[in-house]
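Take a look at the structure below.
Numbering (the working numbering), first residue to last: -6 to 171.
See below:
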């Protein structure tokens, strides 16, 4: 009944692969509630060989930034993760449409995550949160989401696989310093 957040879990080695399978199994068998879940306590029990990333806007770190959580809480969250993620602003345009923030604020959130990573010694990576391969594949995701009654299914985020050049263009607002 606690709030749930997205996270990215990667296996570093064979031990991690086995532990990831354990987490996936338990999330479906013991902790399933509308979707599979992994309590932090279970993750900590099986953390060996795994890396955990802060994920997208639905991740705990990004949500804390959106609600202006105090710095000690933000630092505690950052320290939990092995690496931090930032994503193109287009991924979170729904927040702009909902008038919860501006494009400039989305960029500021990404800068803040990057700065937190530098300050607290965490690698920060730019990811796409890829859900489909090509931009035109957004139509297929829109159909699936419409079937699940998403009110904004026809306003797909650009969650397609980007080239290195496209990613560099997405983050031009950082300047040349990174």
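For each residue, glycine too, the CB sits at the ideal point set by N, CA and C.
Within the segment 72 to 117, the beta strand (DSSP E) runs of at least 3 residues that lie entirely inside it are, in chain order, 76 to 79.
If you ignore the 5 residues before and after residue 88, its C-beta comes within less than 6 Å of the C-beta of 94, all in its own chain and listed in chain order.
Note that the C-beta distance between residue 115 and residue 76 is below 8 Å. Secondary-structure assignment with DSSP links residue 125 through a beta bridge to 153. The continuous beta strand (DSSP E) containing residue 4 extends over residues 1 to 4. For residue 46, the uninterrupted beta strand (DSSP E) segment begins and ends at 43 to 46.
Residue 9 is not bridged by DSSP to any residue. Residue state for residue 168 is assigned as coil, using DSSP reduced to three classes. Distance between residue 160 and residue 121, taken at the CA atoms: about 8 Å. Annotation: residue -5 is outside any alpha helix (DSSP H) and is labelled neither H nor E by DSSP.
The residue from 119, 153, 36, 164 with its alpha-carbon nearest to that of residue 17 is 36.
Sixteen is the threshold: when 16 or more other Cβ atoms of the shown chains lie within 10 Å of the Cβ of residue 80, as they do, the residue is buried. Taken atom to atom, the span from the alpha-carbon of residue 91 to that of residue 151 is near 17 Å.
Residue state for residue 51 is assigned as coil, using DSSP reduced to three classes. For residue 67, the closest C-alpha among the options 78, 59, 74, 54 is that of 54. In chain order, 85 place their CB closer than 6 Å to the CB of residue 50, counting only its own chain and leaving out the 5 sequence neighbours on each side. The Cβ atoms of residue 153 and residue 128 lie closer than 8 Å to each other. Residue 7 and residue 1 have their C-alpha atoms roughly 18 Å apart.
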